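Trainee: Read in order, the letters of the sequence shown correspond to residues 1 to 121 in this note's numbering. For every residue, glycine included, the Cβ atom is placed at its ideal position computed from N, Cα and C. Computed from a prediction, not measured in an experiment: that's the story for all the values here.
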Amino acid sequence: MDSRPVCGAGGAGSRALRTFVAEGRGGPRPWEPLTEQIYLGSEEFVAQHQSNRVIRDIPRRQSQALLPTLRVLFQRNGEQTRLIHMAHRQYGYRLAEIAGHLDVHAATVSCRMKQAEQACV
1 MDSRPVCGAG
11 GAGSRALRTF
21 VAEGRGGPRP
31 WEPLTEQIYL
41 GSEEFVAQHQ
51 SNRVIRDIPR
61 RQSQALLPTL
71 RVLFQRNGEQ
81 TRLIHMAHRQ
91 YGYRLAEIAG
101 HLDVHAATVS
111 CRMKQAEQAC
121 V
């Protein structure tokens, strides 16, 4: 692309453009606040604007960006056993991840999962 027609037009507009570009150098990069490479916004914003399903064709790192974080999930009202079940079955979080968030052993989370599944049957 030939930039000469735009940049070489001369006059006050050209000087203003050069000044504008020079002032922007060294500033914050627009992609630094991105969440998981593709989302711009708080965790609450991402949770509010995403679907509630796990998408298998997207790499886990990026698909988890679509999901509410465990912190957001466990701030919701509800019984912890039900929230554990939802985090694992609906959102695809691993039991070890849930256990780490709740600061309990993975076996505890596994037992809670079994309790939730028996209650649903």
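1. Look up residue 34 in the DSSP assignment and say whether it is helix, strand or coil.
2. Report the option in 81, 27 and 70 whose CA atom is closest to the CA atom of residue 91.
3. What did DSSP end up calling residue 20 once you bin it into helix, strand or coil?
4. Does DSSP put residue 67 in a helix, a strand or coil?
5. Where does residue 104 sit, in a helix, a strand or coil, going by DSSP?
6. According to DSSP, is residue 75 helix, strand or coil?
Mentor: For this structure:
1. Counting from one through the sequence shown, the residue named residue 34 turns up at place 34. Secondary structure of residue 34 (DSSP, three-state): strand.
2. The residue you call residue 91 lines up with position 91 of the sequence shown. For residue 91, the closest C-alpha among the options 81, 27 and 70 is that of 70.
3. As a working mapping, residue 20 is identified with position 20 in the sequence shown. When DSSP states are grouped into helix, strand and coil, residue 20 belongs to the helix group.
4. Your numbering for residue 67 matches position 67 in the sequence shown. The three-state secondary structure of residue 67, taken from DSSP, is coil.
5. Walking along the sequence shown from the start, residue 104 turns up at place 104. Coil at residue 104, not helix or strand.
6. Here residue 75 refers to the residue found at position 75 when the sequence shown is read from its first residue. It is coil, neither helix nor strand.
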